[in-house]
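J.: Numbered per my numbering, the sequence shown spans residues 2 to 403.
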Amino acid sequence: MDIKEEFPILEKRNIVYLDNAATTQKPPCVIEAASRYYKENNANPLRGLYQLSIDATDEYENSRQEVAEFIGAADKSEIIFTRNATESLNLVAYSYGRSFLDQGDEVITTIAEHHSNMIPWQQACKARGAKLTYLYCEKDGTLTPDMLEKIISDKTKIVAVTQVSNVFGRENDIKGFAEVAHRHGAILVADGAQSVPHMPVNVQDLDCDFLAFSGHKMYAPMGIGVLYGKKDLLEKMPPFLFGGEMIEYVTTEGATWAELPHKFEAGTVNVGGAVGLREAIHFINRFGWDTIMKREEDLTAYAMDKMKDYPYVHILGSADPAKHHGIITFTVEGVHPHDCAAIFDEHDVAIRAGHHCAQPLLKYLGTLSTVRASMAFYNDRNDIDRFFEALTSIRKEMGLDG
Ligand code: C6P
């Protein structure tokens, strides 16, 4: 079957969509699952004692169970629904960071992080008088547990690393980083925003303490995200937000907290989003990781091979397509990335241009802005060919040779 048929928006808008690292398109099965929930089962969950509310609660909790199975969590109470990966990472930095960091402690993150796995740590360290240390990658994006081993100390309490970089597309060895962190008494926070949509991730195998990701980058609606956390850590953490069903008992003086996971889900929750995420998991499972990964790998290799014909195009990161996971970030000599984006758009090709919310990384690499094409398994070689038709015209349209 043609996978593109699952994404009618692509034909309707006649677009080559290569901005999947920003957000993926949504197949009708996901949109319909969320819509069906609102048509048939909508009520405020976890509160009502009437059947409709109980049904809404079932939809929500059943989605949580499927998310737990999808990432190999030991128990569904380790799955906290949030709005997105950013909120998940903030939850850990606020709740764990501000409770368990002391003056003189250290947090290590990497220079290759998205701002969402950097700024929350900057703020937590400032609030607690802790030190934030950056692990610098090699210029091609390489980051290894050995590199962490060289800078970690017994003062390090938290190590925060992305599993796949949204600029290089490179996968980091989270299991290896977790092993080093644990040996030094630190916890490992993994940013799974760019990994969970593209490869099987098993939190027990990785032995990460926290994993954050967003539904909207894996075919689910916007506004639903996930924080996985080990139960013993989540249990000792204070709530991040207050109010709603996150309480056990409230007096005028104070309150006690609900059991996990509700302690971390203040206010009315996003059941439609959770149901959409559950359907997105079904969608991924229907095709299977072998198919998804093979298609994305083939497309990346096809595109990177073609790029060799463009001497004025410079790819960030490794020359090996297997290390890109569908993400190709590049510059075009003599042309500003925003001009590139405008020309791609004239050709109905959607790519991203800018700093990709990784300004310190781009500064370290000696640039301010780049162009990024990012693939999902519904892309095909025809999309890549259309991308290259546009790329071929860029320098000509800007009045440059070639
Ligand atoms: N990166 C990109 O175009 P949110 O926005 O909360 O869903 O995801 C944040 C986030 C965290 N970590 C990584 C590695 C990410 O790539 C992102 C989102 C998008 O690269 C939007 S800036």
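Here a beta-carbon is modelled for each residue, glycine too, at the ideal position from N, C-alpha and C.
These numbers were taken from a predicted model, which means no experiment stands behind them.
With DSSP collapsed to three states, give me the class of I72.
T.: In the sequence shown, the residue the question calls residue 72 occupies position 71. DSSP places I72 in coil when its eight states are reduced to three.
J.: So, A267 versus L242, is the Cβ gap smaller than 8 Å?
T.: Here the question's residue 267 lines up with position 266 in the sequence shown. Here the question's residue 242 lines up with position 241 in the sequence shown. Their beta carbons are under 8 Å apart, which means A267 touches L242 by this criterion.
J.: Nearest-angstrom Cα distance between E62 and A259?
T.: Position 61 of the sequence shown, counting from 1, holds the residue named residue 62. Position 258 of the sequence shown, counting from 1, holds the residue named residue 259. When rounded, the distance between both Cα atoms is 15 Å.
J.: Here's a check: name, in chain order, each residue in its chain whose Cβ is nearer than 7 Å to the Cβ of T269, leaving out the five neighbours to either side.
T.: Stepping through the sequence shown from its first residue, residue 269 is reached at position 268. So the qualifying residues of the chain are N45 and G245.
J.: Just to confirm my understanding: we take D192, look at its own chain, exclude 5 residues before and 5 after, and list those with CB closer than 6 Å. What are they?
T.: As a first step, residue 192 must be located in the sequence shown, where it is residue number 191. Counting only Cβ-Cβ distances below 6 Å, and skipping sequence neighbours, we find N118, T163 and A213.
J.: Evaluate K397 with the Cβ neighbour count: other Cβ atoms within 10 Å of its Cβ, from every protein chain shown; 16 or more gives buried, anything less gives exposed.
T.: Here residue 397 refers to the residue found at position 396 of the sequence shown. Classification of K397: exposed, given that the 10 Å Cβ count is below 16.
J.: Just mark M277 as buried or exposed, buried being the case when its beta carbon has 16 or more other beta carbons within 10 Å.
T.: As a position in the sequence shown, residue 277 is number 276, starting the count at 1. Looking at the sequence shown, residue 277 is not Met but Gly. Buried is the call here.
J.: Given the structure, does A23 come close to the ligand C6P, in the sense that its CB is under 7 Å from one of the ligand's heavy atoms?
T.: Mapped onto the sequence shown, residue 23 falls at position 22. Flag set: Cβ of A23 near the ligand C6P.
J.: Please report the straight-line C-alpha distance between Y313 and G186, rounded to a whole angstrom.
T.: For the purposes of this step, residue 313 is taken as residue 312 along the sequence shown, with counting starting at 1. For the purposes of this step, residue 186 is taken as residue 185 along the sequence shown, with counting starting at 1. Near 47 Å, if we compare the C-alpha coordinates of G186 and Y313.
J.: Using a 10 Å radius around the Cβ and a threshold of 16 neighbouring Cβ atoms, would you call G367 buried or exposed?
T.: Here residue 367 refers to the residue found at position 366 of the sequence shown. Exposed is the call here.
J.: Report the three-state DSSP secondary structure of H116 (helix, strand or coil).
T.: By 1-based counting over the sequence shown, the position of residue 116 is 115. Looking at H116 - three-state DSSP - the assignment turns out to be helix.
J.: If you check the beta carbons only, do Y39 and G226 fall under 8 Å apart?
T.: As a working note, residue 39 is residue 38 in the sequence shown. As a working note, residue 226 is residue 225 in the sequence shown. Against a cut-off of 8 Å, the Cβ pair of G226 and Y39 comes out as no contact.
J.: Going by other Cβ atoms of all chains shown within 10 Å of its Cβ, with 16 needed for buried, is T253 buried or exposed?
T.: Along the sequence shown, one-based indexing puts residue 253 at 252. That one is exposed.
J.: Can you tell me whether H199 is buried or exposed? The criterion is at least 16 other CB atoms within 10 Å of its CB, across all chains shown.
T.: Counting from 1 along the sequence shown, the entry for residue 199 is found at position 198. Under this definition H199 is a buried residue.
J.: Are the CB atoms of K158 and D208 within a distance shorter than 8 Å?
T.: Sequence index remark: in the sequence shown, residue 208 carries index 207 (1-based). Sequence index remark: in the sequence shown, residue 158 carries index 157 (1-based). Not a contact, by the Cβ cut-off of 8 Å.
J.: Within 8 Å, do at least three Cβ pairs link the segment 108 to 116 to the segment 281 to 288?
T.: No contact exists between the segment 281 to 288 and the segment 108 to 116.
J.: Would you check if there are 3 or more beta carbon pairs closer than 8 Å linking the segment 170 to 177 to the segment 355 to 370?
T.: Touching, no.
J.: Tell me the DSSP secondary structure of F284 in three-state form.
T.: Position 283 of the sequence shown, counted from the first residue, corresponds to residue 284. Note: F284 maps to helix in three-state DSSP.
J.: Output the residue ranges of the alpha helix (DSSP H) runs that lie fully inside the segment 145 to 216 and measure 4 residues or longer, sorted by chain position.
T.: With a minimum length of 4 residues, the continuous alpha helix (DSSP H) runs that stay inside the segment 145 to 216 are 146 to 152, 175 to 184 and 204 to 207.
J.: Please state the DSSP three-state secondary structure of A343.
T.: Position 342 of the sequence shown, counting from 1, holds the residue named residue 343. The answer is helix: DSSP assigns A343 an H, G or I state.
J.: Examine the ligand C6P and report whether any of its heavy atoms sits within less than 7 Å of the Cβ of Q52.
T.: On the sequence shown, residue 52 is found 51 positions in, with the first residue counted as 1. Every heavy atom of the ligand C6P is 7 Å or more from the Cβ of Q52, so no.
J.: Counting C-beta neighbours from all protein chains within 10 Å, is the total for G409 16 or more, i.e. buried, or is it exposed?
T.: Residue 409 falls outside the range modelled here, since the chain spans only 2 to 403, and no answer is possible.
J.: Here's a check: name, in chain order, each residue in its chain whose Cβ is nearer than 7 Å to the Cβ of E280, leaving out the five neighbours to either side.
T.: Mapped onto the sequence shown, residue 280 falls at position 279. Excluding sequence neighbours, E280 sits near C30, V31 and A34.
J.: Report the CB separation of A275 from F71 in whole angstroms; it is logged as a contact under 8 Å.
T.: Position 274 of the sequence shown, counted from the start, is the residue given in the question as residue 275. Position 70 of the sequence shown, counted from the start, is the residue given in the question as residue 71. Not a contact, Cβ separation roughly 13 Å.
J.: In whole angstroms, what is the alpha-carbon distance linking I385 and V372?
T.: Taking the sequence shown and counting its residues from 1, the one referred to as residue 385 is at position 384. Taking the sequence shown and counting its residues from 1, the one referred to as residue 372 is at position 371. C-alpha separation (whole angstroms): 15 Å.
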